[in-house]
Amino acid sequence: MMQAFLNGDNSFNSSLDTLERKINSTFSTFEQVDWSEKKFLHDDANYKNAKALWHTATMKHFLDTSDKNFNLHTTIIEELIYLIKNISNRLGIPKDRNIQNHYLSVALFDTLPKLKNHIGMIRGFTTGILTKQQISKEDKKLFLKIYLLANAELNTLQLSMHHYLKQTNIPKLERSILQSSKTIELFMQRTESLVLHTDSLAQPVKSFFKEATQTIGEISKLHDDILNHFQNDLKNRMDAAESKIILVALGLTSMVLFAGLLGLAFYQSVSRPLQELQNGVYAITHGNYSPLKVDTKDELATIALAFNTMAAEIRKQLSFLQWYKTALDSSSLVSKTDPEGNITYVNELLLHATGYSEKELIGKRYKTLLHPEMPEELFRQMREAIRDKKIWNGELKTRTKNGTELITETTIIPILDDKNQIKEYVAVHSDITELIKSKEKIQNMLYFDTLTGLPNRARLLEDLKKEKGYAIIIVNIDDFRLVNDFYGYEAGNKMLQDMALWISNFAQGHYAVYRLPSDEFALVSFESREARKVIDFARAMTEYIEKHTISYNGSDIPILIKAGVALLRDDKDVGRILINADTAIKEAKQHLEKIIFYNESRFAKEAYKRNMEWIKKIKTAIAEDRIVPFFQPIYNNRTNKIDKYEALVRLIDTDGSVISPFHFLDIAKKAKLYTDITRIMIEKSFQVFARRNEELSVNISTQDILDADLVAFLIEKIKGYKMQNRINCECSDTDQATLNNRIVFELTESEEVENYDETIRFIKKIKECGGKMAIDDFGTGYSNFVYILNMGINYLKIDGSLIKTILTDDKSLTLVKAIVGFTRELGIKTIAEFVSDAELQKKVEEIGIDYSQGYYIDKPLPQEKLPPPIGS
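Okay, so the sequence shown: first residue is 76 according to our numbering, each after it adds one.
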């Protein structure tokens with residue numbers, strides 16, 4: 076048509092004029108919509124160029140040759156293509172930001188930032204130690220905690236990337252991950268050896284700091300490699316979507332501009348489909364992805380089909396992204412802020428958790444949500460990290476509308492545009508308030524006696540570590556067991572509660588009061604006092620308490636007490652003052668004296684004589700093979716069967732009487748005979764259970780664990796004995812299972828673990844042999860959750876002092892329920908000790924404790940009185 080017009084044929088004038096008016100109208104419509112909607116076309120260079128060129132391409136401005144006109148039309152098409160791309164970008168046509176692989180996102184947004192943070196902490200902590208050239212026991216414990224956290228994150232990273240690379244097969248990224256992992260592992264191994272396993276801190280500070288900094292740089296490089304892969308993947312997806320838009324736009328503009336060249340005969344068949352395509356492009360920029368309806372069967376139908384395919388793909392990806400958003404909004408508290416820190420979005424869960432409305436938060440500074448108690452330094456570190464385009468992860472304390480605190484594990488991610496500039500920040504919060512408070516509650520309950528509310532022995536030991544105790548008075552109730560036997564446990568509990576009240580009232584803040592196990596209390600002075608004044612105080616307190624009686628069920632129960640007193644005479648007594656007071660109260664009970672003041676020379680002679688008699692008795696018993704195991708059954712509350720036994724040591728006296736370990740084990744430890752007893756117990760217990768099929772528990776102490784010869788003996792015995800395992804299976808004589816899968820070692824929790832490294836190494840050796848580990852007497856001793864969790868134990872035995880009071884004391888019941896709850900979450904089985912009657916057993920089962928042990932189940936039995944094995 077254009078060529079005919081240039082040759083002087085005026086028959087097309089009317090048609091061309093109509094098309095020109097339509098195109099002019101389209102420009103006007105664009106401008107009207109633009110001014111009413113987004114207002115950005117008026118300064119767009121591509122739009123201005125396209126409009127100016129169009130005015131030169133009308134009939135009255137046609138050039139004299141078709142080549143020049145074709146070039147002019149081509150330029151117009153190019154400008155319109157760029158214009159449509161700009162419109163798409165500015166109107167925010169959604170691009171595929173979907174993180175298609177969960178493992179990649181875990182590594183990028185969670186694991187690597189945490190790992191880098193932990194390695195940084197190790198660098199700073201170890202540099203300090205090397206600078207001081209000394210390391211304390213507490214330093215080692217703290218370093219081990221940081222090291223275990225870093226090691227856990229490294230394992231998580233390796234596992235995540237293994238799964239991701241298994242699906243994607245990217246050799247370059249795989250090599251980068253393997254190299255970085257090896258560098259990090261070598262650094263952590265060298266640092267662990269430097270801090271925990273050498274006596275001299277020989278490495279120069281600068282050398283270590285340089286190596287640590289290089290390791291942190293390796294983590295940053297790995298993060299960059301993964302991030303580049305992540306960004307390239309997003310760019311490829313975005314380019315594919317833009318290509319589809321450009322293809323449709325090219326077809327649209329080409330058809331519009333060349334419509335005048337096709338002739339009047341094709342006008343009706345082309346104009347309407349082009350208008351449909353034009354409307355479709357306009358609709359897609361406004362979020363409407365409805366398919367086009369084109370009835371033609373020519374090239375326009377192909378274009379329309381491509382357009383519909385593109386629209387369907389965009390709808391699919393948008394739906395995918397919407398589901399991701401829904402999943403995130405349904406499980407996390409989410410907020411967004413602009414680069415200046417003003418809140419631009421909050422989801423419903425965050426509004427519900429904080430109590431604010433959307434109007435109250437939008438436009439406010441993000442810092443207004445944070446609790447005033449949150450350290451300013453933490454907020455500064457967070458701000459610096461995200462402004463440096465890094466992902467920040469940490470624990471934040473938020474203030475709700477009603478003033479309460481909300482504790483969250485928070486990850487803040489900077490969102491960058493195509494020019495690598497920060498567009499906004501997205502914060503994802505996980506509410507951990509109840510978790511933190513539950514841990515604090517359990518920790519607090521483990522340091523306080525649930526019956527009296529007084530701090531317990533564990534807290535006393537902690538306090539004596541932090542501060543010198545200048546005087547300690549231990550008070551014991553006479554014949555307390557008779558009160559329990561005659562009047563019942565409720566009367567005994569009331570006596571202990573009244574005693575706690577009377578002692579606290581009398582002390583009046585001059586002495587700190589503690590509840591010790593059974594029927595004893597301790598009063599501690601953290602100020603220096605004269606011996607005479609301490610004795611006078613103890614005597615006056617005794618008289619004051621014995622004036623009272625316990626009123627119970629119409630009876631007035633008299634109360635008599637004894638007291639043992641010890642003073643701190645010099646610094647060498649700091650670690651022994653509690654032992655000295657305990658020795659004094661034992662002497663008071665033995666000699667029936669009211670108050671005994673610890674006298675080292677007097678007690679030393681008496682204790683020496685008594686100890687020598689016991690040492691002789693123990694040595695003779697070992698020589699004459701009178702150290703034997705008794706076995707107490709452990710009842711499975713799920714299967715209602717006895718499938719475990721605990722081996723308990725007994726000494727058979729020359730007259731045949733059975734002596735409890737209470738009388739001789741402590742002396743055996745001091746006389747270096749304890750490991751000999753342990754060897755005997757292992758040898759004899761294994762021999763008995765080599766012919767049985769139940770699980771066997773054997774007690775082991777920290778002293779045993781630190782004896783390398785004993786550990787080697789133990790491993791040899793585990794591997795050497797064969798024990799046929801008939802539990803839930805049938806085994807032939809040739810298909811035997813070894814003892815190891817049915818042996819449990821019980822570590823007493825009341826013994827404070829001095830060397831956690833050695834303990835964890837011992838547990839690792841036992842588990843490599845297939846054995847299991849248990850914590851005994853949980854709830855009475857050191858109660859350090861961090862180390863217990865890191866030990867990887869299988870069973871936790873709840874101490875009888877807690878179990879026997881769950882029927883009468885709500886605090887004991889609450890604590891036991893809390894212990895059962897957190898062990899169940901960790902996959903640890905629980906065992907209740909001291910189950911003495913049917914009512915207590917019923918309560919134990921209601922709480923959900925897995926196993927029961929105590930005289931209600933059965934007392935400890937000698938080998939010859941054991942029932943036949945299960946299934947025999």
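The beta carbon of each residue, even a glycine, is placed where N, CA and C say it ideally should be.
Where the beta strand (DSSP E) through residue i begins and ends
i	result
Thr485	Glu480 to Leu491
Gly469	Trp467 to Arg474
Asp852	Lys847 to Phe853
Pro704	Ile702 to Asn711
Asp718	Lys716 to Ile727
Asn655	Taken as a continuous stretch (DSSP letters only), Asn655 belongs to no beta strand (DSSP E), being part of the alpha helix (DSSP H) at Ile652 to His666.
Lys494	First-last for Lys494: undefined, no H or E at that position.
Leu771	Glu770 to Ile775
Ile671	Ile670 to Phe672
Ile418	Ile418 to Val421
For residue j and residue i, the rounded distance between their alpha carbons
i	j	result
Leu510	Val763	45 Å
Lys543	Leu223	33 Å
Pro937	Tyr831	35 Å
Ile517	Lys285	42 Å
Asp240	Thr266	The sequence given here has Leu at residue 240, not Asp. The straight-line gap from Cα to Cα measures roughly 29 Å.
Leu481	Leu471	8 Å
Asn686	Gly923	44 Å
Lys434	Glu499	19 Å
Thr624	Asp560	18 Å
Lys216	Ile210	10 Å
Val895	Asp912	21 Å
Ile294	Ser255	7 Å
Gly584	Leu643	20 Å
Phe454	Ile752	57 Å
Coarse secondary structure for residue i, derived from DSSP in three states
i	result
Asn568	helix
Ser630	strand
Asp538	helix
Val331	Annotation note: pLDDT 44 at Val331 (below 50); position unreliable, coordinate value reported separately. The answer is helix: DSSP assigns Val331 an H, G or I state.
Arg899	helix
Gln762	helix
Arg590	strand
Ala125	helix
Val910	coil
Gln916	helix
Ser282	helix
Leu598	strand
Thr624	strand
Lys934	coil
Tyr926	strand
Leu941	coil
Leu789	helix
Leu882	coil
Leu642	strand
Residue i - partner residues in DSSP beta bridges
i	result
His427	His427 is not bridged to any residue.
Lys637	Asn551
Val503	Val409 and Thr486
Thr823	Asp851
Thr43	The first residue shown for the chain is 76 and the last is 947, placing residue 43 beyond what the model contains.
Leu445	Thr473
Val733	Ile727
Terminal residues of the alpha helix (DSSP H) in which residue i lies
i	result
Thr258	Pro246 to Leu271
Glu459	Glu451 to Arg462
Glu228	Lys212 to Thr243
Met196	Leu187 to Lys207
Lys439	Segment: none, Lys439 is in no alpha helix (DSSP H) and carries neither H nor E.
Thr525	Per DSSP, Thr525 belongs to no alpha helix (DSSP H) and is neither H nor E.
Reference residue i; option with closest CA among the options
i	options	result
Pro414	Ala502, Lys476, Glu451 and Ile717	Ala502
Ile818	Ile835, Arg767, Met866 and Asp782	Arg767
Pro704	Leu445, Pro935 and Leu424	Pro935
Gln264	Val280, Arg250, Ala287 and Leu643	Ala287
Trp467	Pro188, Ser235, Ser887 and Lys918	Pro188
Ala587	Ala783, Pro530 and Tyr673	Pro530
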